[in-house]
């Protein structure tokens, strides 16, 4: 089989077409043309264009990142402002509440004092009325006692003069 | 093909290298003059057109949010640009278009060569030797222009003991001149070998008994070749960058 292969190869002329130097000139000539063509395409059109696109993209990305950073800072700032406003509002609310409390307390104190004074006045009045009532009661008791005593003495057949009876009643009531 | 049919009766016929024969693209003659448009010429210029389509038409909209084609074009740009910048440093960036040219030509030619019945220009030493010599000569001349005679310090390993330095200098010198050889043969050899192996498998596919295995083999090799096509373009480019770095910064 090996000999067959060899003879077949021998029949198809050169063993290695690569070593057929008669075609080298041709290949080298066209290769140089092809390389010059590729070089011109690359250096004149393709590479500057792709480089520009890549640079533009890098620029865009950098700008976008910077913008994002900016927006983030702004968001943080806004949040701080919001928190500050919230704290201010809370403090203001607290202050108003305190003020209102103090005011109410003052009013209440005045009202209480006034009420106390009224109550005291009313109490004094009542006391006076009570003592008057008590005095008048005593008086009535005295009158009733005199009358009763006079009637009792009369019933026993005696005749008591007013002066003695009054003295006796007064002495008894003291006792 | 007529002789092939005659041989077929006697068993397997292998012509793994026939796919690399260079013949005129128009007409039937086999005469190849230096200006003749051959199959190699056609596929080289298809690589040029592919580069144009990908990088120029792909980026024609210049959109900030790229389309698919533009993404691939930007990926290729970024891939090579980063390679040049990482290896050669900032001052190597001005040679980026040259390196991109090499990369785009090799990668497009390799991938177009994977189309069945196509022709692969990069499987020919004539092509890869020109590419490698172009790199070698450019880098050497650039090294002397940029650094003057101190470019020779590339061969004088200052960090080695004094006694070893002359020996190392000889080794460095030899390795320097072997660079274009390995640089060119690596690319052509890889591409050629892969294509030839696929052809051998294809030859086996004529035998009914082994044809399933042969077809699986072709598929597997094709997958490997897709990988090799890119990797060899990458290797060629990265070595170019390494050589360029030596020219720009020869001191170890």
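Chains as they are written, first to last, in this note's numbering: chain A, 763 to 937; chain B, -18 to 233.
Each residue gets a CB set at the ideal place from its N, CA and C atoms; glycine is no exception.
Since the model is a prediction, treat every value here as computed from it, not as a measurement.
Margin query: Just to confirm, is the Cβ distance from residue 91 of chain B to residue 213 of chain B under 9 Å?
Written below: Taking a C-beta distance under 9 Å as the contact criterion, residue 91 of chain B and residue 213 of chain B qualify as a contact pair.
Check: Leaving out the 5 sequence neighbours to the left and right, which residues in its chain are closer than 7 Å to residue 805 of chain A when beta-carbon positions are compared?
Finding: none
Next item on the list: Step through the CB atoms of chain B and report whether any lies within less than 9 Å of the CB of residue 774 of chain A.
Entry: Per-residue confidence for residue 774 of chain A stands at a pLDDT of 45, beneath the threshold of 50, marking its modelled position as unreliable; no derived number is given.
Next item on the list: Select from B:61, B:37 and B:160 the residue whose C-alpha is nearest the C-alpha of residue 114 of chain B.
Entry: Of B:61, B:37 and B:160, the residue nearest in Cα terms is B:160.
Checklist line | Residues, ordered as in the chain, of the stretch 203 to 230 of chain B that lie near chain A by beta-carbon distance below 9 Å | finding: none
Margin query: Ignoring anything shorter than 4 residues, give me the alpha helix (DSSP H) runs that lie fully in the stretch -14 to 64 of chain B, in order along the chain.
Written below: 20 to 32
Check: So, residue 39 of chain B versus residue 23 of chain B, is the Cβ gap smaller than 9 Å?
Finding: no
Note to self: Among the candidates A:823, A:822, A:809 and A:820, whose CA atom is the shortest distance from the CA of residue 41 of chain B?
What the structure shows: Put simply, of A:823, A:822, A:809 and A:820 the residue whose alpha carbon is nearest the alpha carbon of residue 41 of chain B is A:809.
Next item on the list: Name the residue from B:141, B:209, B:11 and B:110 whose alpha carbon lies nearest to the alpha carbon of residue 786 of chain A.
Entry: B:110
Next item on the list: Pull up the distance between the alpha-carbon of residue 141 of chain B and that of residue 793 of chain A, whole angstroms please.
Entry: 42 Å
Check: Along the chain, which unbroken stretches of the alpha helix (DSSP H) at least 4 residues long are found entirely within the stretch 829 to 913 of chain A?
Finding: Entirely contained in the stretch 829 to 913 of chain A, not one alpha helix (DSSP H) run reaches 4 residues.
Next item on the list: Could you tell me how far apart the beta carbons of residue 911 of chain A and residue 930 of chain A are, in whole angstroms, since I believe they sit closer than 8 Å?
Entry: 7 Å
Notebook entry, point to check: Is there a Cβ from chain B that is less than 9 Å from the Cβ of residue 780 of chain A?
Noted result: yes
Next item on the list: For residue 771 of chain A, collect the residues of the same chain with a Cβ closer than 7 Å to its Cβ; drop the 5 residues on either side in sequence, then sort them by chain order.
Entry: Low confidence applies here, because residue 771 of chain A scores a pLDDT of 40, under 50, leaving its location unreliable and the question unanswered by this model.
Notebook entry, point to check: Between the stretch 214 to 231 of chain B and the stretch 157 to 171 of chain B, are three or more C-beta pairs nearer than 8 Å?
Noted result: Contact holds: three or more Cβ-Cβ distances are below 8 Å.
Next item on the list: Using three-state DSSP, classify residue 228 of chain B as helix, strand or coil.
Entry: In the structure shown, residue 228 of chain B sits in a helix (DSSP, three-state: H, G or I).
Margin query: Counting only Cβ pairs nearer than 7 Å, list the residues of chain A close to residue 2 of chain B.
Written below: Correct list: 779.
Next item on the list: Would you list, in chain order, the members of the stretch 814 to 844 of chain A that have their beta-carbon closer than 8 Å to a beta-carbon of chain B?
Entry: 814, 815, 816, 818, 819 and 822
Item checked: Distance, residue 84 of chain B Cα to residue 796 of chain A Cα -> Residue 796 of chain A and residue 84 of chain B: Cα-Cα distance of roughly 13 Å.
Next item on the list: Pull out every residue of the stretch 36 to 67 of chain B whose Cβ sits closer than 7 Å to any Cβ of chain A, in chain order.
Entry: 36, 37, 40, 43, 45, 54, 55 and 58
Margin query: Just to make sure I have the definition right: I need the residues of chain A whose C-beta is within less than 8 Å of the C-beta of residue 101 of chain B. Which are they?
Written below: The premise fails here: residue 101 of chain B is roughly 11 Å from chain A at the closest Cβ pair, so nothing lies under 8 Å.
Check: Under 9 Å between the Cβ atoms of residue 168 of chain B and residue 98 of chain B?
Finding: no
Notebook entry, point to check: Among the residues of its own chain, which have a CB less than 8 Å from the CB of residue 69 of chain B, if the five just before and after it don't count?
Noted result: 76, 222, 225, 226 and 229
Check: Of the choices A:858, A:934, A:908 and A:935, whose alpha-carbon is the least far from that of residue 923 of chain A?
Finding: A:908
Next item on the list: Grab the span of the alpha helix (DSSP H) containing residue 108 of chain B for me, first residue to last.
Entry: 106 to 128
Check: Should residue 125 of chain B be listed as close to the ligand SAH, given that the test is whether its C-beta is under 8 Å from any heavy atom?
Finding: The ligand SAH is not part of the structure shown, which contains no ligands of any sort.
Notebook entry, point to check: Under a CB-based cut-off of 9 Å, is residue 189 of chain B close to chain A?
Noted result: It does not: the Cβ of residue 189 of chain B has no partner Cβ on chain A nearer than 9 Å.
Margin query: Quick check on residue 920 of chain A: does DSSP put it in helix, strand or coil?
Written below: coil
Notebook entry, point to check: Since residue 180 of chain B is in the alpha helix (DSSP H), which residue starts that stretch and which ends it?
Noted result: First-last of the alpha helix (DSSP H) with residue 180 of chain B: 146 to 185.
Checklist line | Of the residues B:20, B:45 and B:51, the one placed nearest residue 34 of chain B, counting alpha carbons only | finding: B:51
Checklist line | Burial state of residue 93 of chain B (16 or more Cβ within 10 Å) | finding: buried
Next item on the list: Tell whether a beta-carbon distance below 9 Å holds between residue 65 of chain B and residue 74 of chain B.
Entry: yes
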